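Single-structure report; data block below.
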Amino acid sequence: MLIPVSLICAEIRGRVVDRQDGIPVQSASVYLNHQWQALTEVDGTFTIPSISTRTYELTVHRIGYAGFNTRLTVTNQPSLPLEILLEPQPILLEPLTVTPSPAKPGLNAIEIDRQFIEQSGCQWLPDLLEQLPGITVHRANREGISKVLLSGPGADRVSIWLDGIKLNDPATGGYDLSGISLSAINSISIVPGGESGDQPGGAILLRSRSFQKTRLSLGTGLGSYGYSYHKFFVETEQPLNTPVSLWLDIKHKYYQGNYPVEGYATNCLYNNNSESYQFNGKLNWGNQYRNLSLFAQFFIRNRGLPGLANGGIMSETRYNQENKLVNLSAKLLESAYGNEFSLSWQENYGEYLSPEFQKIPYQEEFLKYYPEQLITVSTRYSFFNQFNFFALDYLTFFAKIQWDKEIFSQEDRLRPFLKIDDISRVIYSPQAGWSIKFPWSIYQLDLSGQVSLHRWEQQNTVGQFFGSSAGINFITSYDHSKIILGCSWVKNARIPNFQETYTVETVYSLGNPDLKAEQAETFRLIGKAMGGEIYPWEFSMSWWRSLMWNRIVWRRDFRGRYKPYNLGKSLGWGVDFGGGLSFPHNLSVQGNIAIQDVRNKTPYDVNYDNFLTYRPVYRCMLSLNQSIDKFSYGATVKGVGRQYTLESNNDPINLSNISLPPYQTLCLKLTYQNRWKTLDYKILFQIDNVLGEKYSVIQQMPTEGRTITVEVELTWPKN
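FYI, the numbering for the sequence shown is 285 to 1003, going by this note's numbering.
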């Protein structure tokens, strides 16, 4: 039987390598008679099966190499593989102009602009990502290498891009976010899986700011009631890879006359002037996981307070309040969830009328403060799970100790001979606690606890309180949504066998639960949910219940000293609701309302139930804000409802005139900001209107105040 030669099938096998270094050439195209046949593999090999036995023109092309061309005769006899050598050759192209433009995000992408980053209050990228729905951040080890998970399939394969440069490790696919500060980021796009190209788990696109190494800002403002405002701010900040920043902030404010102050405990108007100076300076060195921060603050405030008589308000200014504050602190951070050590020193100077003395009628006593020193030392250490024990992420321990020394004096203006010498008080407050985190795929469990000891010593008075707290939070993320459920418990109790001699200073402790409570316990439930793709939303709710045994009945003895008569009980509960909704064009609405009910029982005589105070109160707030191009405007309404009080006639202290008076505030705010050449400027116009009541000895009178403020701020950025 004869078979035509042209019908006999054969194959061509070969290998393409670089002529200069001999390495395989991958993805080279192989042609026979100008028809594509195969693409070389990673090792440079190729196979063209099932071809006829005849002569062909073999061509090989690869970008970056000169073309290869030869004539090849194929027979049905066995033959060795071809060895094709390609000569590297640069490609000469015409000049090309590339214009960058951001890719249009998909419908499910989350866009975060610079304004959102600044309003979040976060300093580092992982902290911001943790707040977003559908995103989980795992701190994988002590060096701070983070793992980001997005909702959906392939959640553990997320790509991170910074200005078009992929941060993922080519070998492991991991990434390190430790050096990315939000001060260097202008915007962020979060693209879920299926819309992000090569990563099925999604992508996070970071765009850096055009860094301003030096920024100088001047601001001034004028308003009603003699209001004046002046600001000077200078900042030096290095690019992303040079972790050093320094800033200095100086502010001065001044009010003159009866300007409105919302929520003031006895009146909506001050009857005097107020002036304050504030100097802040800060130096940062390092990134998120190796950071040293030094902070210095100097603050001066001088203002007057209206006088009180028998629990009422008087029109003239009777007391001045002056405060000076010096605050120095240093903080060393080894890693975001690793070692931390901080030390702060604070010095206070000044004198003022003690608000607690305003609650006791028929007396003209006042308290004058002198120097106070507050020293705080704290440390934190974390153990990361390197053995995958029970899905533990990290375990953190922290400790803090405070030393507080105060010197104050008390005078009786009607009976000068009863003047008591200056009193020195020292307070020690050591604390210790822990927190632990268990992350799973879309779930997370956080546990925390704390114990504290509060001990104070002053002349003949020694007292101690022991406190403890615990909390648990359950967090889950699913399809652009996040839900947080938790509860907390706090208890403070006086340690038995304490020694205490009651002096006039004990009256000062009235209103301070840490000093006067025999036992206080609070339980709180919290819930928070956030989500939304096109219209992001957020809702939160909390409920609390507290029980306190305290000393609230005071009587004056024959020496003119106040002494506690017996123990009282305070039982209260409250509920808070809050929420927000965002719309297109940077329009957002936020609101919250709080309701609380506190009831007190105090045994004035043998019958324990003879005295009852009932004080429900509600607080509410509604805010509307929008930013369009260079304009932003908003309105906020908030207020406090009236408190109702029922009490017996034999109450030795009339408490009805010391509760917070009802008020409401309407704030309208308009801001315009733009750039002229290298000068940024911002103009702020704001109106605050306060409606409320002020108390007098015999009646409650309505009062109204309005302030109008205009502020201008100029900033010179240096690129």
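Glycine included, each C-beta is placed from N, C-alpha and C at the ideal position.
Bear in mind the structure is a predicted one, so any value in this text is a computation, not a measurement.
Beta-carbon within less than 6 Å of residue i's beta-carbon, same chain only, minus the 5 sequence neighbours each way: which residues are those?
i    : result
A350 : E371 and Q373
L616 : L576 and F625
Q874 : G864 and S907
L627 : A614 and V661
I488 : I444 and I474
N623 : Y665
I759 : Q728 and I768
L968 : T955 and E995
I584 : Y561 and K608
K966 : Q957 and E997
A580 : G565 and L612
K922 : M905 and T949
Q715 : K684 and S736
W821 : L865
By the three-class DSSP mapping on this structure, what secondary structure does residue i have?
i    : result
D913 : coil
E988 : strand
I584 : strand
E402 : helix
S932 : Residue confidence for S932 is low, a pLDDT of 44 falling below 50, so the modelled location carries little weight; the figure read from the coordinates is stated next. It is coil, neither helix nor strand.
D305 : coil
F782 : Any reading at F782 must be qualified, since the residue scores a pLDDT of 40, below 50, and its modelled position is unreliable; the value itself is stated next. Three-state result, F782: coil.
S467 : helix
I296 : strand
V442 : coil
L616 : strand
G436 : Here the model assigns G436 a pLDDT of 49, short of 50, so the residue's position is not dependable and the matter cannot be decided.
E559 : strand
P476 : coil
V326 : coil
S708 : strand
G448 : coil
K643 : Bear in mind that the predicted position of K643 carries a pLDDT of just 37, short of 50, making it too unreliable to give a figure here.
S628 : strand
Does residue i get closer than 8 Å to chain C when you measure Cβ to Cβ?
i    : result
E367 : Judged by its chain identifiers, the structure shown contains no chain C, having just a single protein chain.
Of all the options the options, which has the alpha carbon lying nearest to the alpha carbon of residue i?
i    : options                   : result
G976 : L968, P946, D327 and C951 : P946
E741 : V710, I756 and G751       : V710
S732 : R338, F722, Q948 and L369 : F722
S666 : I659, T660 and L679       : L679
H421 : I967, Y727, S916 and L865 : The sequence shown places Val at residue 421, rather than the His named in the question. Comparing Cα-Cα distances from V421 to each of I967, Y727, S916 and L865, the minimum goes to Y727.
V901 : K914, G448 and Q880       : Q880
L954 : A919, T343, R303 and L963 : A919
D913 : K922, V924, G923 and P868 : P868
I396 : F582, N470 and L451       : N470
L502 : S508, V528 and H536       : H536
V518 : L532, G505, S508 and Y509 : L532
W687 : F681, S708, Q715 and L658 : L658
D538 : Y917, V344, R297 and Y509 : For clarity, residue 538 is Tyr in the given sequence; the question names Asp instead. The candidate whose alpha carbon is nearest that of Y538 is Y509.
V882 : L578, K812 and L831       : L831
N909 : Q403, G328, G298 and E295 : Q403
L567 : F823, N586 and L530       : L530
M825 : N876, L369 and E559       : N876
For residue i, report the span of its beta strand (DSSP E) as first-last.
i    : result
P333 : T329 to S336
E519 : S512 to E521
V528 : V528 to Y539
Y349 : That residue, Y349, is in no beta strand (DSSP E); it is neither H nor E in DSSP.
I368 : L366 to L370
H738 : Y727 to Q742
S492 : A487 to S492
L954 : Y947 to W960
V314 : S313 to L316
Output needed for residue i: all residues of its chain with C-beta closer than 8 Å, excluding positions within five of it in sequence on either side, in chain order.
i    : result
L323 : S311, A312, S313, V314 and F330
Kindly indicate the opening and closing residues of the alpha helix (DSSP H) around residue i.
i    : result
E378 : Premise fails: E378 is in no alpha helix (DSSP H) and is neither H nor E.
D411 : L409 to E414
What are the residues that DSSP puts in a beta bridge with residue i?
i    : result
S508 : For S508, which the question treats as bridged, DSSP gives no partner whatsoever.
E817 : Paired residue(s): none; E817 is not in a bridge.
P714 : I685
P723 : Q728
V358 : BP columns for V358 are empty, so no partner.
Give every residue of the same chain whose Cβ lies closer than 7 Å to the Cβ of residue i, excluding the five residues on either side of it in the sequence, and list them in chain order.
i     : result
P1001 : Q496, R499, T962 and D964
Y819  : L865, S866 and F867
Q407  : S465 and L466
Closer than 7 Å: is that where the CB of residue i sits relative to any heavy atom of the ligand ADP?
i    : result
F582 : No copy of the ligand ADP occurs in the structure displayed, which carries no ligand at all.
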